[in-house]
Amino acid sequence: MQRYILRRLLAVIPTLFFASIIVFMVIRILPGDAVDLIIKSSPFMEDSEQLRKEIEADLGLDKPMHIQYFYWVRDIVVYRDLGTSLIRETPVGPDIAERVPVTMTMGILAVVFALAISIPIGVYSAMKQDTIGDHVGRSFAILGLAIPSFWLGTMIVILPAIWWGWSPPSRLVPFFDDPFRYLSVFVTPAAILGASLAAVTMRMTRTMMLEVLRQDYIRTARAKGLSETLVVMRHAIRNALIPVITLIGLFVPYIIGGTVILERIFDIPGIGQLLLLAVQDRDYPVITGIFLMVGIFVISVNLIVDLSYGLLDPKVRDQE
Amino acid sequence: MNYTSEAPPLLEVRELKTYFRSDGGIVKAVDGVSFTVDAGETVAIVGESGSGKSVTALSVLRLIPNPPGEIVSGQIRFAGTDLLELSEPEARKIRGDRIAMIFQEPMTSLNPSLTIGRQVGEPIEIHRKSLAKVVREKCVDLLQKVRIPDPERRVSSFPHEFSGGMRQRAMIAMGLACEPELIIADEPTTALDVTVQAQVLDLLKELTRESQAALVLITHDLGVVARYADRVNVMYAGKIVETGTARDIYNDPRHPYTLGLMNSVPKLNNGEKAPLEPIEGQPPDLSNMPPGCSFEPRCPYSTEHCRSEQPELSLISGKHAFACWVNVKDVS
Chain R
80 MQRYILRRLL AVIPTLFFAS IIVFMVIRIL PGDAVDLIIK SSPFMEDSEQ LRKEIEADLG
140 LDKPMHIQYF YWVRDIVVYR DLGTSLIRET PVGPDIAERV PVTMTMGILA VVFALAISIP
200 IGVYSAMKQD TIGDHVGRSF AILGLAIPSF WLGTMIVILP AIWWGWSPPS RLVPFFDDPF
260 RYLSVFVTPA AILGASLAAV TMRMTRTMML EVLRQDYIRT ARAKGLSETL VVMRHAIRNA
320 LIPVITLIGL FVPYIIGGTV ILERIFDIPG IGQLLLLAVQ DRDYPVITGI FLMVGIFVIS
380 VNLIVDLSYG LLDPKVRDQE
Chain G
-13 MNYTSEAPPL LEVRELKTYF RSDGGIVKAV DGVSFTVDAG ETVAIVGESG SGKSVTALSV
47 LRLIPNPPGE IVSGQIRFAG TDLLELSEPE ARKIRGDRIA MIFQEPMTSL NPSLTIGRQV
107 GEPIEIHRKS LAKVVREKCV DLLQKVRIPD PERRVSSFPH EFSGGMRQRA MIAMGLACEP
167 ELIIADEPTT ALDVTVQAQV LDLLKELTRE SQAALVLITH DLGVVARYAD RVNVMYAGKI
227 VETGTARDIY NDPRHPYTLG LMNSVPKLNN GEKAPLEPIE GQPPDLSNMP PGCSFEPRCP
287 YSTEHCRSEQ PELSLISGKH AFACWVNVKD VS
């Protein structure tokens, strides 16, 4: 197991390296750049070749891309510095760090919400295969998959406001001042985000449960005189959930994508909103900083998921 | 064994019919099976795959998955009560406690994510409501009984750390846990190496004898039957076609199917290899049975009568009965 962990950790290095190259290059290849924006947004600047060159040199954008990449990596590794925002001129690292807890809260709530509704429904659906309850559960899952969260989010903000003059709470207070009010802001967007995750999880849980319930050891458990509840709780769920856990790893990029939209709709100052602004401004250090953090986070979560396999499946634990 | 006792049998299956619904119609997996098992006796049910022997066993425990399966009619009297009349919770009280079942695939019949001890001790935990510590102690005893080395340590092992033979021993330990009156072993050694098969069966026989449990041994292996069974039921296409003591079946087989099974067992006589004689053809489609004898299409002795009317079991001596219109003795 220790060797397995070590090997998995070493494999992270090349992954991160390639991810960082892609992250760095892609955003710079996109048309439009920060210089345009800086010039356009300032009434005192006359657009000229001369000025452009000056600003580019000032921001370090005049150098070839691989040199820029080298400096970027050097700053991160040596100075632990993700750079400075081109537009707001604040350091990127603290800007991101400040928003991480907000997005994390939303992501975790979304996952908790998704699992809390999908696993029981998935298990129920599998146990009552092809009954009305199963069909209802599956229809909801398909509905959850089919409804885009940006549409659902928009409707939930707009419709109650039109009908009853109510809108979801959106002003963030510091967590320790009032935890409930802090969390209440996230409930609606997390539920919307969770609903689409729940759809996938529910279908996966159902499929895996059906698969497991067909296994010989389930028959053995029944032959021992276990009640159906015990058969499911003790013998089936654990084995059925192993593949479901992997899904959570796959959720992470999806959740981050979802938060970009939902943070915008619900006006929540998280990473997603920061990213959206940065992309509009072509604020390269902010974008690459966020992408890098997200990359590291996705890789870590998948690593944790892989390792947690060992906890659930004794066979994996013993390998290596 | 005590064949002439007047005491009612421990298990009496009467006219059991278990059908499965399928797209191709109703599959009559078990179609009117009757047999008895006395206390302490070993009864074999023999037949090829698809003959309905496993379904018969599962029916006794009421473990037929419904849908698609259903016990359509019949009686299964166990120690005086009809198991088919019991409610599900009442049936659960008997399963694993008074009737235990040992399944054929030791590789897949144990839960991969629970320890051996947990699984072997489960019947005690469920039926005796014992404390975890007591259950564990009993588990160690049981594993010792089935000769698993180092049982104190092995109770905490997972199934994948066991060999096939050890897993099947663990399954036997699980079956014996509550000292049942009846053990049903469904092809307990089919998945094992030939060298281990005899060991496991000897152990099973020894332990059932020790605990005075009756054993229903389901197998397709006539060698196993000869060595371990007191009485034999030969099944074909959902029906019992011949029944009798092991001696009857071996010395005086009457049904052409039984004869066919005998001839298809590899034999070594005086160092000379006798040619294998497989039974030609396939078992009939259980959802579309011929009107006459179900073995007729494959039977070398078939007559016009066999095609039109189904033969019933008829007694020829003591416990020996068979269902065939032809007297094989006369023909051959």
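Chains as they are written, first to last, in our numbering: chain R, 80 to 399; chain G, -13 to 318.
Glycine included, C-beta positions come from ideal geometry on N, C-alpha and C.
Cβ-based contacts, 7 angstroms cut-off: residues of the stretch 277 to 299 of chain R near chain G: Within the stretch 277 to 299 of chain R, the qualifying residues are Q294, D295, Y296, R298, T299.
Could you name the residues of the same chain whose beta carbon sits closer than 6 angstroms to that of V91/R, not counting the 5 residues immediately before and after it, in chain order? For the purposes of this step, residue 91/R is taken as residue 12 along the first sequence, with counting starting at 1. Closer than 6 angstroms at Cβ, skipping near neighbours: I378.
Could you tell me which chain G residues have their CB closer than 8 angstroms to the CB of A302/R, listed as they occur along the chain? The residue labelled residue 302/R in the question sits at position 223 within the first sequence. Taking a Cβ-Cβ cut-off of 8 angstroms, the neighbours of A302/R in chain G comprise L47, L49, R81, G82, A86, M87, F89, given in sequence order.
In three-state DSSP terms, what is Q352/R? For the purposes of this step, residue 352/R is identified with residue 273 of the first sequence, where counting begins at 1. The answer is helix: DSSP assigns Q352/R an H, G or I state.
Using a Cβ cut-off of 7 angstroms, which residues of the stretch 199 to 222 of chain G contact any Cβ in chain R, in chain order? None of the residues of the stretch 199 to 222 of chain G has a beta carbon lying less than 7 angstroms from any beta carbon of chain R.
Going residue by residue through the stretch 164 to 212 of chain G, where are the continuous alpha helix (DSSP H) segments of at least 4 residues, counting only ones entirely within it? The stretch 164 to 212 of chain G contains these whole alpha helix (DSSP H) runs: 180 to 196.
Give the straight-line distance between the Cα atoms of E266/G and H206/G, rounded to the nearest whole angstrom. Residue mapping note: residue 266/G aligns to position 280 of the second sequence, counting from 1. Residue mapping note: residue 206/G aligns to position 220 of the second sequence, counting from 1. Whole-angstrom Cα-Cα distance: 17 angstroms.
What three-state label does DSSP hand R240/G in the structure shown? On the second sequence, position 254 is the one that residue 240/G refers to. It is coil, neither helix nor strand.
Reference V23/G, options D216/G, L178/G, C164/G, S300/G, closest by Cα: Taking the second sequence and counting its residues from 1, one reaches residue 23/G at position 37. Out of D216/G, L178/G, C164/G, S300/G, D216/G has the C-alpha closest to the C-alpha of V23/G.
For the alpha helix (DSSP H) containing Y222/G, name the first residue and the last one. Within the second sequence, numbered from 1, the residue matching residue 222/G stands at position 236. Premise fails: Y222/G lies in the beta strand (DSSP E), 217 to 222, not in any alpha helix (DSSP H).
Compute the distance between the beta-carbons of R178/R and I350/R, then report whether it is under 8 angstroms. Against the first sequence, residue 178/R aligns to sequence position 99. Against the first sequence, residue 350/R aligns to sequence position 271. Closer than 8 angstroms, so yes.
Chain G contact for K207/R (CB, 8 angstroms cutoff): By 1-based counting over the first sequence, the position of residue 207/R is 128. K207/R does not count as touching chain G.
Have a look at G36/G and P242/G and give me their C-alpha separation to the nearest angstrom. As a first step, residue 36/G is located in the second sequence; it is residue number 50 there, counting from the start. As a first step, residue 242/G is located in the second sequence; it is residue number 256 there, counting from the start. One C-alpha to the other measures close to 18 angstroms.
N-terminal and C-terminal residue of the beta strand (DSSP E) that V29/G is part of: Here residue 29/G refers to the residue found at position 43 of the second sequence. It spans 28 to 32 - the beta strand (DSSP E) in which V29/G sits, taken as one unbroken run.
How about I175/R and I334/R: are their beta carbons less than 8 angstroms apart? Here residue 175/R refers to the residue found at position 96 when the first sequence is read from its first residue. Here residue 334/R refers to the residue found at position 255 when the first sequence is read from its first residue. Not in contact: I175/R and I334/R (Cβ atoms no closer than 8 angstroms).
What is the C-beta distance between R153/G and P92/G, in whole angstroms, given that I count them as a contact (C-beta under 8 angstroms)? Position 167 of the second sequence, counted from the first residue, corresponds to residue 153/G. Position 106 of the second sequence, counted from the first residue, corresponds to residue 92/G. Their Cβ separation, rounded to whole angstroms, is 4 angstroms, which keeps R153/G and P92/G in contact under 8 angstroms.
I'd like the list of long-range same chain contacts for V186/G, defined as Cβ closer than 8 angstroms, with 5 residues on each side in sequence excluded. Translated into the one-based positions of the second sequence, residue 186/G becomes position 200. Taken in chain order, the residues that qualify are G151, Q154, R155, I158, P174, T175, L178.
Take Q81/R as the anchor and find which of L386/R, P393/R, D392/R, K394/R has the nearest alpha-carbon. Residue numbering aside, residue 81/R sits at position 2 when the first sequence is read from its first letter. If you compare the alpha carbons of L386/R, P393/R, D392/R, K394/R with that of Q81/R, the shortest gap goes to L386/R.
Could you tell me whether the Cβ atoms of I113/R and Y363/R are closer together than 8 angstroms? Against the first sequence, residue 113/R aligns to sequence position 34. Against the first sequence, residue 363/R aligns to sequence position 284. Note on residue identity: the sequence assigns Ala, not Ile, to residue 113/R. Between A113/R and Y363/R, the gap from beta carbon to beta carbon is short of 8 angstroms.
I'd like the list of long-range same chain contacts for D68/G, defined as Cβ closer than 8 angstroms, with 5 residues on each side in sequence excluded. Taking the second sequence and counting its residues from 1, one reaches residue 68/G at position 82. Same-chain partners within the cutoff: Q61, I62.
Out of curiosity, what's the CA-to-CA distance linking Q208/R and T286/R? Start at 1 with the first residue of the first sequence, and residue 208/R comes out as number 129. Start at 1 with the first residue of the first sequence, and residue 286/R comes out as number 207. In this structure, the straight-line span from the alpha carbon of Q208/R to that of T286/R is close to 10 angstroms.
Alpha-carbon to alpha-carbon, Y296/R and G82/G: Position 96 of the second sequence, counted from the first residue, corresponds to residue 82/G. Position 217 of the first sequence, counted from the first residue, corresponds to residue 296/R. Rounded to whole angstroms, the separation of the alpha carbons of Y296/R and G82/G is 14 angstroms.
Is A176/R near the ligand ATP, judged by its Cβ being under 7 angstroms from some heavy atom? The ligand ATP is not part of the structure shown, which contains no ligands of any sort.
At which residues does the beta strand (DSSP E) containing L301/G begin and terminate? For the purposes of this step, residue 301/G is identified with residue 315 of the second sequence, where counting begins at 1. Boundaries of the beta strand (DSSP E) around L301/G: 300 to 303.
Between which two residues does the beta strand (DSSP E) carrying F308/G extend? Stepping through the second sequence from its first residue, residue 308/G is reached at position 322. Here the beta strand (DSSP E) through F308/G covers 306 to 308.
Quick test of your reading: Y5/G and V13/G, contact by CB under 8 angstroms. State the CB separation rounded to the nearest angstrom. For the purposes of this step, residue 5/G is taken as the residue at position 19 of the second sequence. For the purposes of this step, residue 13/G is taken as the residue at position 27 of the second sequence. Going by Cβ atoms, the distance from Y5/G to V13/G rounds to 6 angstroms, so yes, they are a contact pair.
H21/R at chain G interface by Cβ criterion, 8 angstroms: Because residue 21/R is not part of the residues shown, which for chain R are 80 to 399, the question remains open.
Closer than 8 angstroms, CB to CB, is L85/R near chain G or not? Numbered from its first residue, the first sequence carries residue 85/R at position 6. L85/R does not count as touching chain G.
Within the 8 angstroms Cβ cut-off, does P109/G reach chain R? For this step, residue 109/G is matched to residue 123 along the second sequence. Chain R contact via Cβ: present.
Alpha carbon of P276/G to alpha carbon of G33/G, nearest angstrom: On the second sequence, position 290 is the one that residue 276/G refers to. On the second sequence, position 47 is the one that residue 33/G refers to. Straight-line Cα distance between these residues: approximately 19 angstroms.
Distance between beta carbons of G103/G and S142/G, contact taken as under 8 angstroms: Position 156 of the second sequence, counted from the first residue, corresponds to residue 142/G. Position 117 of the second sequence, counted from the first residue, corresponds to residue 103/G. Contact between S142/G and G103/G holds, with the beta-carbon distance rounding to 6 angstroms and staying under 8 angstroms.
Can you tell me whether K294/R is helix, strand or coil according to DSSP? Along the first sequence, one-based indexing puts residue 294/R at 215. Going by the sequence as given, residue 294/R is Gln instead of Lys. Three-state DSSP puts Q294/R in coil, outside helix and strand.
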